[in-house]
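Below: the structure, in C-alpha cells.
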C-alpha cells in the first residue's frame, strides 16, 4: 500500500465516489473509468493519487473501518456500565445502518476478493478480528464467564444481522435481545461471586 499522504480535494472526491460505487454496485463491477467520471477527474489524476484500483479499494475500506470503530468506541464509552458495554456494538450497528442499508461492506469485500494476499481482503478480515477481540475485551471487563466463547457467539449474531440486513426482516432487534440475554447469563456467575473463566 502506498504511504498515506494528505488528501487533496480531488483525492477526497475520488474516495467519496469510490465508496458510493463500491458499496452500492460492488467492487469488481466498478472500474476506474466510472470512478473518475463520478468524481470529475481524469484517470491519470486517479492513478496519480492512488496508484491502482486495489489501493483505492483498500483506502475505501480503511476509511470506512475507521469511521465504524470510532462509532463503536463512542457507543461503548457512553454506556452506563461494563455489562451494558458488551452489547454496545449492536447499538452502534443500529445507528450505522440508518445510512448503510446494503449489508456489510467488509463481508462483501471478503466475498468479492477471496485472495488473502489482497490488501483489501486483509483490511476486511482484520475488521472482523478487531470486533471479535473487542467483544472479548468487553466481556472480560464485565466479568462474564468464558469471555472468548461469548465473544464468538456475539460476533456470529452481529455478522448474521449484517448478512440479513438487505432482507425485509428486523434481525437486529432479535439479535440485540439475544446478545443481551447471553451477556446477562455470562455475567451472572460473577455477580453471584463465582469466579469467571478466562
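Numbering (my numbering), first residue to last: 1178 to 1375.
No residue lacks a Cβ here, since even glycine has one placed at the ideal position from N, Cα and C.
Here the structure is a predicted model, which is why all the values come from computation and not from measurement.
I need the DSSP call for residue i, collapsed to helix, strand or coil.
{"i": "residue 1279", "result": "coil"}
{"i": "residue 1190", "result": "helix"}
{"i": "residue 1205", "result": "coil"}
{"i": "residue 1344", "result": "coil"}
{"i": "residue 1217", "result": "coil"}
{"i": "residue 1268", "result": "helix"}
{"i": "residue 1258", "result": "coil"}
{"i": "residue 1322", "result": "coil"}
{"i": "residue 1263", "result": "coil"}
{"i": "residue 1290", "result": "coil"}
{"i": "residue 1350", "result": "helix"}
With distances taken between CB atoms, is the gap from residue i to residue j smaller than 7 Å?
{"i": "residue 1212", "j": "residue 1195", "result": "yes"}
{"i": "residue 1364", "j": "residue 1300", "result": "no"}
{"i": "residue 1144", "j": "residue 1207", "result": "In the structure as shown, the chain begins at 1178 and stops at 1375. Residue 1144 is therefore absent and cannot be evaluated."}
{"i": "residue 1226", "j": "residue 1188", "result": "yes"}
{"i": "residue 1260", "j": "residue 1316", "result": "no"}
{"i": "residue 1329", "j": "residue 1352", "result": "no"}
{"i": "residue 1269", "j": "residue 1287", "result": "no"}
Answer with yes or no whether the minimum CB distance from residue i to chain B is below 7 Å.
{"i": "residue 1220", "result": "Here there is only one protein chain, and chain B is not present."}
What are the boundary residues of the alpha helix (DSSP H) that includes residue i?
{"i": "residue 1300", "result": "1296 to 1318"}
{"i": "residue 1253", "result": "1230 to 1254"}
{"i": "residue 1184", "result": "First-last for residue 1184: undefined, no H or E at that position."}
Out of the options, state which residue places its alpha-carbon closest to the alpha-carbon of residue i.
{"i": "residue 1312", "options": "1278, 1246, 1200", "result": "1246"}
{"i": "residue 1332", "options": "1344, 1206, 1265, 1291", "result": "1265"}
{"i": "residue 1309", "options": "1334, 1294, 1349, 1290", "result": "1334"}
{"i": "residue 1237", "options": "1268, 1336, 1358, 1204", "result": "1204"}
{"i": "residue 1344", "options": "1197, 1298, 1283, 1279", "result": "1279"}
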